[in-house]
Amino acid sequence: MAEPARVALLVTCLVDLFRPSVGFAAVKLLEDAGCAVEVPRAQTCCGQPAYNSGDKEDAKAIARQVIAAFAGYDYVVAPSGSCAGMVKAHYPEMFADDPAMRDQAAELAARTYELVSFLVDVRGVGTVAAACAQTATYHDSCSGLRELGVKAQPRALLASVAGLTFAELPGAEICCGFGGTFAVKYPDISDKMARDKIADIEATGAQCVLAGDLGCLLQIAGKLSRAGSRVEARHVAEVLADMADTVPPIGATRE
Amino acid sequence: MTARDDIIGGIRRSLGRGALADEAAGKLAARIAAHRPNLIPARATSLDPPARVDLFVALAEAVQTTVARVASDRDVPGEVARYLAAENLPAELAMAPDPGLDALPWAERPLLQIRRGKAEASDAVSLTPCLAAVAETGTLMLVSGAATPTTLNFLPDTHIVVLRASQVVASYEDGWDLLRQRSGDGPSALPRSVNFITGPSRTGDIEQRIELGAHGPRRLHVILIDDAEQSPLR
Amino acid sequence: MEATSHTFTDNARAGLADPVLRRALGMAGTGFPARRAEAIARLPEFEALRDQGKAIKDHTIAHLDFYLELYERNVIAAGGVVHWARDAAEARAAVLDICRSVGAKVVTKGKSMVAEEIALNEHLEANGITPVETDLGEYIIQLRHEPPSHIIAPAIHLMKEQVTETFRAAHTALDPDRAISEAPQLCAEARAMLRPQFLAADAGITGANFLVAETGSSIIVTNEGNGDLTQILPKAHIVVASLEKIVPTLEDTATLLRLLARSATGQEFSSYTTLSTGPRRPGDLDGPEQYHVVLIDNGRTALIGGEFQDMLRCLRCAACLNHCPVYTAIGGHAYGWVYPGPMGAVLTPALIGLDEAGDLPNASSFCGRCESVCPVKIPLPKMMRHWRERQFVQGKAPPVYRHGLKCWAWVARRPGLYHELVELKARMLGWLGKRRGRFRALPLAGAWTKMRDMPAPEGRSFQSLWAERQRAGK
Numbered sequence: 001m002a003e004p005a006r007v008a009l010l011v012t013c014l015v016d017l018f019r020p021s022v023g024f025a026a027v028k029l030l031e032d033a034g035c036a037v038e039v040p041r042a043q044t045c046c047g048q049p050a051y052n053s054g055d056k057e058d059a060k061a062i063a064r065q066v067i068a069a070f071a072g073y074d075y076v077v078a079p080s081g082s083c084a085g086m087v088k089a090h091y092p093e094m095f096a097d098d099p100a101m102r103d104q105a106a107e108l109a110a111r112t113y114e115l116v117s118f119l120v121d122v123r124g125v126g127t128v129a130a131a132c133a134q135t136a137t138y139h140d141s142c143s144g145l146r147e148l149g150v151k152a153q154p155r156a157l158l159a160s161v162a163g164l165t166f167a168e169l170p171g172a173e174i175c176c177g178f179g180g181t182f183a184v185k186y187p188d189i190s191d192k193m194a195r196d197k198i199a200d201i202e203a204t205g206a207q208c209v210l211a212g213d214l215g216c217l218l219q220i221a222g223k224l225s226r227a228g229s230r231v232e233a234r235h236v237a238e239v240l241a242d243m244a245d246t247v248p249p250i251g252a253t254r255e
Numbered sequence: 256m257t258a259r260d261d262i263i264g265g266i267r268r269s270l271g272r273g274a275l276a277d278e279a280a281g282k283l284a285a286r287i288a289a290h291r292p293n294l295i296p297a298r299a300t301s302l303d304p305p306a307r308v309d310l311f312v313a314l315a316e317a318v319q320t321t322v323a324r325v326a327s328d329r330d331v332p333g334e335v336a337r338y339l340a341a342e343n344l345p346a347e348l349a350m351a352p353d354p355g356l357d358a359l360p361w362a363e364r365p366l367l368q369i370r371r372g373k374a375e376a377s378d379a380v381s382l383t384p385c386l387a388a389v390a391e392t393g394t395l396m397l398v399s400g401a402a403t404p405t406t407l408n409f410l411p412d413t414h415i416v417v418l419r420a421s422q423v424v425a426s427y428e429d430g431w432d433l434l435r436q437r438s439g440d441g442p443s444a445l446p447r448s449v450n451f452i453t454g455p456s457r458t459g460d461i462e463q464r465i466e467l468g469a470h471g472p473r474r475l476h477v478i479l480i481d482d483a484e485q486s487p488l489r
Numbered sequence: 490m491e492a493t494s495h496t497f498t499d500n501a502r503a504g505l506a507d508p509v510l511r512r513a514l515g516m517a518g519t520g521f522p523a524r525r526a527e528a529i530a531r532l533p534e535f536e537a538l539r540d541q542g543k544a545i546k547d548h549t550i551a552h553l554d555f556y557l558e559l560y561e562r563n564v565i566a567a568g569g570v571v572h573w574a575r576d577a578a579e580a581r582a583a584v585l586d587i588c589r590s591v592g593a594k595v596v597t598k599g600k601s602m603v604a605e606e607i608a609l610n611e612h613l614e615a616n617g618i619t620p621v622e623t624d625l626g627e628y629i630i631q632l633r634h635e636p637p638s639h640i641i642a643p644a645i646h647l648m649k650e651q652v653t654e655t656f657r658a659a660h661t662a663l664d665p666d667r668a669i670s671e672a673p674q675l676c677a678e679a680r681a682m683l684r685p686q687f688l689a690a691d692a693g694i695t696g697a698n699f700l701v702a703e704t705g706s707s708i709i710v711t712n713e714g715n716g717d718l719t720q721i722l723p724k725a726h727i728v729v730a731s732l733e734k735i736v737p738t739l740e741d742t743a744t745l746l747r748l749l750a751r752s753a754t755g756q757e758f759s760s761y762t763t764l765s766t767g768p769r770r771p772g773d774l775d776g777p778e779q780y781h782v783v784l785i786d787n788g789r790t791a792l793i794g795g796e797f798q799d800m801l802r803c804l805r806c807a808a809c810l811n812h813c814p815v816y817t818a819i820g821g822h823a824y825g826w827v828y829p830g831p832m833g834a835v836l837t838p839a840l841i842g843l844d845e846a847g848d849l850p851n852a853s854s855f856c857g858r859c860e861s862v863c864p865v866k867i868p869l870p871k872m873m874r875h876w877r878e879r880q881f882v883q884g885k886a887p888p889v890y891r892h893g894l895k896c897w898a899w900v901a902r903r904p905g906l907y908h909e910l911v912e913l914k915a916r917m918l919g920w921l922g923k924r925r926g927r928f929r930a931l932p933l934a935g936a937w938t939k940m941r942d943m944p945a946p947e948g949r950s951f952q953s954l955w956a957e958r959q960r961a962g963k
């Protein structure tokens, strides 16, 4: 196992509001991998909604806040490909005209990771001690896949979950239609993409669908339940952290 | 100010400079003159000539080109006659007035009606030579000229091409070199048309289903003479 | 053509609701990506070629003045004529003049997106000249008076029943009882109807996939052979091409050709790749007597040196369209002009203005699949974002989003306040949604809940729970 590391968790605004379980699953996985985890209080969001809406000034202001909040940690880890991608791929680009900030952004980017790829690629985690007696399929979130190369890592760790049968999702790499504000600005198009995604999911016969991004999961879970589907949705971290039996799936009743 | 001056001036303003200084322009001119190849896929270049010919045949057939391999020039008229009969086509063809084709023993097939010249609207079958064949993608390279009118490649429904094994080159870059060797310098020395032909005419415009013979020939037949000579290039 | 990009949302809704379009796009959406993937699997050097193609295009744009002047000299040396056109009007006028000079009544056309862009056909028709589209897809949509919906497969939005209906209505001299319900029959009929047009045409207009500076040549890449019949039979061959089509050498062209067909249709090479240099030579038995190139700017040079320069690398292969979940959901007509899909979302505002085409760069989830398949690595989502930045700065985004975003960003920059509000919201929505676990309707979230449920929050914010855990000493 790699040396102990001081990791700051980038909670993400969606996990903070909708599903803290994902955050606690991430903490458990990181601690099991020998990391000391802290959660900087001065974080709110990575700024992507502002950035993708063309509001560069607010995006930069939020980015400065993030850069300051996460200074000094060995690593910054987010249970989200899109938030980690924002920091890793877009923060340096955002400050292209400001050499001092650009350097700070690049420095932060170099130690920022999406959760599952951090566990596998940096901490060398090969297996997890978890059980989940279900057939599961996996949706590749776009940012994680294309900006950060997250593809094999979740599959590798899921293969070690006791009792889990994995069914590959046809069109796994096709966007679910969330896209942040896209989902509410162009709801008809977003809905078509969601319908196609859940049709692919249903066709696998899987009992649950997993992904590494809560944005995708809200879209997918929301469409599955509106369509009356019995397929469950969870964040992959929850299954890997052995919480599949203790935390209800996304959008399920908690009573 | 002419449109030309406006456009060139606009480009220079956008690039933040005036006209290129002589030295910079000289470098670009040298780049053109050197015409160095970029990366050439190993697919064909890694093969020896016989394997290269086999690759050409395999890739050509994969796109519905038919290929008949014959031992020598003597066999060509017979193959033409056989092919036309097998395809239920009349024994008539429009032939490129090319000395190499003229020299074939057509007299042995007197029933073949051959008209030399460019294609007419009523021609059903044409016969042409080619400059080379590119093994990389099963592609024929044909050039226009006094002896090789381009209409023969496109108007008739069936196009037969005579190819020697020694004409099969590895890559398109080999084809450009052949063109330069043959044409000398300057653009007016190039032929009017260079056609790279990879299989018969086709379209997928109706429900993505591939149909052959959209406007050009629906049949492309290559008579490949297995001459043992080495290719003049690699 | 008249742009309808400003009614994008309505166009898209119509496209989503159209069952014929759904079937047609369904076939295309699976076919093209699979074939491209197979073609690339057969060429290990593909990724390296992408980098080289990008480098060739970038180098060319950085020296575009030099290469254009060289290209012109070589066209002239080969016996051709170059006409420079700053905008669509000058381009149309140049083509019309050439057609008139050869007394053209009927003109055949190969497929050309730039000809659509400058609205060439309407102009010729208005001046007594009949343009006949010869690419099968373009011919079909010309008969239907529709614009193309895809840059390489213009009739991709149609099922064969519609083509049958169109041919029956248009080819009135033929036997009305003839059987033309199947693709082979339709193709054969189009071939038969167009052959006399090829032979009768006085001038032939083609586009150009590439213009080779080294030799003054134009290159067209087709599968049907219509572009070749268009250019070799009539008296005059007119090439219409935008000036970023220039490539320095034949070798550079070979690199780009290796990328093009594989990215577009998954073919190793298209059926016909033709290099044309000047008019027929002395002694040639066929070929055009005149060769003209109309070099069109129409907004390209304005992109050089700016945020959108990378768009000038575009090879018009349509890989981005074929892999875009938005394009395959709504079809090409929804974009409202000549260029649909991701490349259209970037290029259209540049050519016809952000006010007209503002929706296009916004209707994207930034999934990035387009950029990942672009043969010359154009950063399409980044440039769509640049358009959004311009809209934001100009105050063009709808007020509810602008103000909503500003409020949210203001709070997000104040972590203490933010954490309190998030905890409040988590408790409230968590409590309201506890029984069902999700909301079928939510005030202010109608755009979401109209078609999806909104999962309920768990009821506490992560930050609050973490703070409690820390205080309890874990």
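Residue numbers (the numbering used here), protein chains in the order written: chain A, 1 to 255; chain B, 256 to 489; chain C, 490 to 963. Beta carbons: idealized from backbone N, C-alpha and C, even for Gly.
Item checked: Cβ-based burial, B/L339 [other Cβ within 10 Å; buried from 16] -> buried
Check: CB-CB under 7 Å to A/D242, same chain, minus the five flanking residues each way: which ones, in chain order?
Finding: A129, A130, A131
Notebook entry, point to check: For chain A, is any of its Cβ atoms less than 8 Å away from the one on C/K543?
Noted result: no
Notebook entry, point to check: Just how far apart, CA to CA, sit A/Y138 and A/D200?
Noted result: 11 Å
Notebook entry, point to check: Distance, Cα to Cα, B/P487 vs B/A388?
Noted result: Legend: pLDDT at B/P487 = 46, less than 50; position of this residue unreliable, no value from coordinates given.
Check: Alpha carbon to alpha carbon, how far is C/L625 from A/K185?
Finding: 37 Å
Note to self: When you compare the CB positions of C/G504 and C/I819, do they come within less than 8 Å of one another, or not?
What the structure shows: yes
Next item on the list: For my contact list, C/E579 and B/A258 are in at a C-beta cut-off of 8 Å; report their separation, rounded to the angstrom.
Entry: Yes, they are in contact, since the Cβ atoms of C/E579 and B/A258 sit about 6 Å apart, within 8 Å.
Margin query: Applying the 10 Å Cβ sphere with the 16-neighbour rule, what's the burial state of B/I263?
Written below: buried
Checklist line | Same chain, Cβ closer than 7 Å to A/A89, neighbours up to 5 away in sequence not counted | finding: Once the five neighbours on either side are set aside, the close Cβ partners of A/A89 are E147.
Next item on the list: With a 10 Å radius around its C-beta and 16 neighbouring C-beta atoms as the bar for buried, classify C/R531 as buried or exposed.
Entry: exposed
Checklist line | DSSP beta-bridge partners of C/S707 | finding: C/L700, C/S765
Notebook entry, point to check: Roughly how many whole angstroms lie between the Cα atoms of C/S765 and C/A501?
Noted result: 40 Å
Note to self: Below 7 Å on C-beta distance, what does C/F758 contact in chain A?
What the structure shows: The contacting residues do not exist; C/F758 stays about 27 Å from chain A at best.
Notebook entry, point to check: Can you name, in chain order, every residue of its own chain whose Cβ lies under 8 Å from the Cβ of B/E316, other than the five neighbours on each side?
Noted result: Answer for B/E316: V322, G393, listed in chain order.
Next item on the list: Under 8 Å between beta-carbons, which chain C residues line up against B/P455? List them in chain order, please.
Entry: S760
Check: Of the residues that make up the segment 80 to 92 of chain A, which ones have a beta carbon closer than 7 Å to any beta carbon in chain C?
Finding: none
Check: Do C/Y828 and C/M602 have their C-beta atoms within less than 8 Å of each other?
Finding: yes
Next item on the list: Verify whether the separation of the beta carbon atoms of C/A898 and A/D55 is less than 8 Å.
Entry: In this structure, the beta-carbon distance from C/A898 to A/D55 falls below 8 Å.
Check: Rounded to a whole number of angstroms, what is the C-alpha to C-alpha distance between A/L14 and A/L214?
Finding: 7 Å
Check: Apart from the five residues just before and just after A/L217, which ones in its own chain have a Cβ nearer than 7 Å to its Cβ?
Finding: So the qualifying residues of the chain are A211, A233, H235, I250.
Note to self: Helix, strand or coil, according to DSSP, for C/R960 in the structure here?
What the structure shows: helix
Next item on the list: Please go through the same chain and pick out, in chain order, the residues whose beta-carbon is closer than 7 Å to the beta-carbon of C/C813, but skip the five residues on each side of it.
Entry: G830, P831, R858, C859, listed in sequence order.
Margin query: Check for me: the alpha helix (DSSP H) holding C/C863 runs from which residue to which?
Written below: Under the DSSP assignment, C/C863 falls outside any alpha helix (DSSP H); it carries neither an H nor an E label.
Checklist line | Cβ-Cβ distance between C/G926 and C/P946 below 8 Å | finding: no
Next item on the list: Identify the continuous alpha helix (DSSP H) that holds C/K914 and give its terminal residues.
Entry: 904 to 921
Notebook entry, point to check: What does a CB cutoff of less than 6 Å around C/V591 pick up in its chain, not counting 5 residues either side in sequence?
Noted result: Correct list, in chain order: D691, A692, K724, A725.
Next item on the list: Put B/M555 into one of helix, strand or coil per three-state DSSP.
Entry: Lying before the first or after the last residue shown, residue 555 of chain B is absent from chain B, which here runs from 256 to 489.
Check: Which residues mark the beginning and the end of the alpha helix (DSSP H) in which A/Q48 is found?
Finding: 48 to 52
Check: So with Cβ pairs under 8 Å, would you call B/L488 a contact of chain C?
Finding: Per-residue confidence for B/L488 stands at a pLDDT of 41, beneath the threshold of 50, marking its modelled position as unreliable; no derived number is given.
Check: Under a Cβ-count criterion, where at least 16 other Cβ atoms within 10 Å of its own Cβ denotes burial, should C/N712 be classed as buried or exposed?
Finding: buried
Item checked: Beta-bridge partners of B/Q368, as assigned by DSSP -> B/E347
Next item on the list: Note the first and the last residue of the continuous beta strand (DSSP E) segment covering B/S381.
Entry: 380 to 384
Item checked: Distance, C/V701 Cα to C/C803 Cα -> 16 Å
Next item on the list: Using a Cβ cut-off of 8 Å (strictly closer), state whether C/P904 contacts chain A.
Entry: With 8 Å as the cut-off, C/P904 counts as an interface residue toward chain A.
Next item on the list: Anything in the segment 948 to 960 of chain C with a Cβ closer than 7 Å to a Cβ of chain A? List those residues in chain order, please.
Entry: Cβ contacts with chain A: R949, S950, F951, Q952, L954, W955.
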